[in-house]
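Down below is the structure, laid out as structure tokens.
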Amino acid sequence: MLSRSTWRCGGGYNVERAKEGVEQRVVVVMGATGTGKSKLSVQLSSIFGGEVINSDKIQVYRGLDVTTNKMPVVDRRGVPHHLLGELDPSTGELPPAGFRSLASHLIGDISARGRIPVVAGGSNSFIHALLSNRFDPLTDPFGGRWRPVKEGLRYRCCLIWVHVEAAVLAEQLDRRVDEMVGEGMVEELERYFAVEGESERHPGLGKAIGVPEFRSYFTGRGRRTSAALEAALSAIKANTRWLAEAQVRKIDKLAAMGWPLRRVDATAAVAARLAGVPQAAPWRSDVADPSVSAVAQFLAEEEEEAGRRRRRASRTSVVLNS
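Quick note, the numbering used here runs 22 ahead of the 1-based positions in the sequence shown.
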């Protein structure tokens, strides 16, 4: 069994929401790109009555659905998703402070309707901005001369880290790029550059891996040769692997800050997929079942705590009115 201290993220709860009898409990599914975060978020939301809040800083924008690897609607299994392809890229780049504001509003709304916010991602700078009590929009919590500083969090939350061993994940990411090509990524980028040209009018969406790598291919004066195409795809693969490594380093830093992360290992499930054998069993035993158990315990403990608070409030009211 997991102890309450393992799962209660430090820090309090929103007083105004608590006064309304609505507890803001948040489930967060994090990890490097390609580990299965989106899949797990949908599974948990389906079981516990959740709604997903996307925290990928590129997927928040409309457009380039294949290139940015947005989860197809059919794979969302009817689970409501927020901030996924909703923002107009022409409005400018969404900063962490902007995400904090948007996602906080969504958490309040989802909680008020008696459902569970499930934050999925993605961009650890966005997750840190949303959850940290020490958030400073002028400071990069992961950069510079970094040192671990213990932090309290704004919500009562359950943090799940989906991990895949580096070598297996690298192979998975390379395979995913090949699959995205089959799904029309190159054609999608061609349409994008036909509109954008050589200019960079959309600094947020324009940072999606795939856009810089194909810019010269579609807008340069050179010929669109097979060698140039392969070079662009190789760059996408290399930069995606680099992104995954950077994401893991940031998650390690969040753990060093005192964030109580529960790590589940999806290595066997991803390896099974790469080998072309069924992955349902290792995914269920190594990822889904432990995550479901953790969230169930977290929510049960929160209900117990909410009951204690209500009883204390009732006793206080009796004393004050006597």
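Cβ coordinates follow ideal geometry from the N, Cα and C atoms, glycine included.
In three-state DSSP terms, what is residue i?
{"i": "Val82", "result": "coil"}
{"i": "Glu267", "result": "helix"}
{"i": "Gly43", "result": "For Gly43, the pLDDT reaches just 39, beneath the cut-off of 50, and the residue's location in the model is therefore unreliable, although a value from the coordinates is still provided. Correct three-state label for Gly43: coil."}
{"i": "Gly114", "result": "coil"}
{"i": "Asp287", "result": "strand"}
{"i": "Glu205", "result": "coil"}
{"i": "His150", "result": "helix"}
{"i": "Pro300", "result": "coil"}
{"i": "Glu73", "result": "strand"}
{"i": "Val88", "result": "coil"}
{"i": "Ile182", "result": "strand"}
{"i": "His103", "result": "strand"}
{"i": "Gly53", "result": "strand"}
{"i": "Leu160", "result": "coil"}
{"i": "Ile231", "result": "coil"}
{"i": "Pro312", "result": "helix"}
{"i": "Gly32", "result": "Any answer about Gly32 is weak, because its pLDDT of 38 lies below 50 and its placement is not dependable; what the coordinates show is given next. Correct three-state label for Gly32: coil."}
{"i": "Leu251", "result": "helix"}
With distance defined between alpha-carbon atoms, name the residue in the options nearest to residue i.
{"i": "Phe240", "options": "Glu209, Lys259 and Gly136", "result": "Glu209"}
{"i": "Ser313", "options": "Ala54, Gly56, Thr55 and Gln65", "result": "Gln65"}
{"i": "His103", "options": "Tyr177, Pro94 and Pro111", "result": "Pro94"}
{"i": "Asp87", "options": "Ala192, Ala257, Arg284 and Met207", "result": "Met207"}
{"i": "Lys92", "options": "Gly100, Ile80 and Val101", "result": "Ile80"}
{"i": "Ala316", "options": "Asp196, Glu327 and Pro282", "result": "Pro282"}
{"i": "Glu205", "options": "Gly85, Thr89, Glu267 and Val74", "result": "Thr89"}
{"i": "Leu296", "options": "Glu222, Val190 and Pro234", "result": "Val190"}
{"i": "Met202", "options": "Tyr83, Thr262 and Val270", "result": "Thr262"}
{"i": "Phe148", "options": "Phe320, Arg122 and Leu321", "result": "Arg122"}
{"i": "His150", "options": "Arg98, Asp78, Ala192 and Glu193", "result": "Asp78"}
{"i": "Phe320", "options": "Ile132, Ser68 and Cys180", "result": "Cys180"}
{"i": "Arg98", "options": "Gly165, Lys172, Lys61 and Arg284", "result": "Lys61"}
{"i": "Arg213", "options": "Val49, Gly85 and Phe70", "result": "Gly85"}
Can you tell me the Cβ-Cβ gap for residue i and residue j, rounded? I've got them flagged as a contact below 8 Å.
{"i": "Ile273", "j": "Met52", "result": "6 Å"}
{"i": "Arg135", "j": "Gly72", "result": "Between Gly72 and Arg135 the Cβ distance is about 11 Å, and since that is not below 8 Å, they are no contact."}
{"i": "Val292", "j": "Asp308", "result": "About 10 Å; that fails the 8 Å criterion."}
{"i": "Glu324", "j": "Arg47", "result": "5 Å"}
{"i": "Val101", "j": "Val82", "result": "About 17 Å; that fails the 8 Å criterion."}
{"i": "Arg176", "j": "Leu160", "result": "In fact, because the Cβ distance is near 19 Å, the residues do not count as touching under 8 Å."}
Cβ atoms of residue j and residue i: under 7 Å apart, would you say?
{"i": "Leu105", "j": "Asn76", "result": "yes"}
{"i": "Val3", "j": "Ser63", "result": "Nothing in the structure corresponds to residue 3, since the chain is present only between 23 and 344."}
{"i": "Lys229", "j": "Ala142", "result": "no"}
{"i": "Gly244", "j": "Glu115", "result": "no"}
{"i": "Arg198", "j": "Gly107", "result": "no"}
{"i": "Pro118", "j": "His224", "result": "no"}
{"i": "Val270", "j": "Ala54", "result": "yes"}
{"i": "Glu235", "j": "Ile258", "result": "yes"}
{"i": "Ile182", "j": "Arg284", "result": "yes"}
{"i": "Ala290", "j": "Pro300", "result": "no"}
{"i": "Val184", "j": "Ala318", "result": "no"}
{"i": "Met279", "j": "Glu193", "result": "no"}
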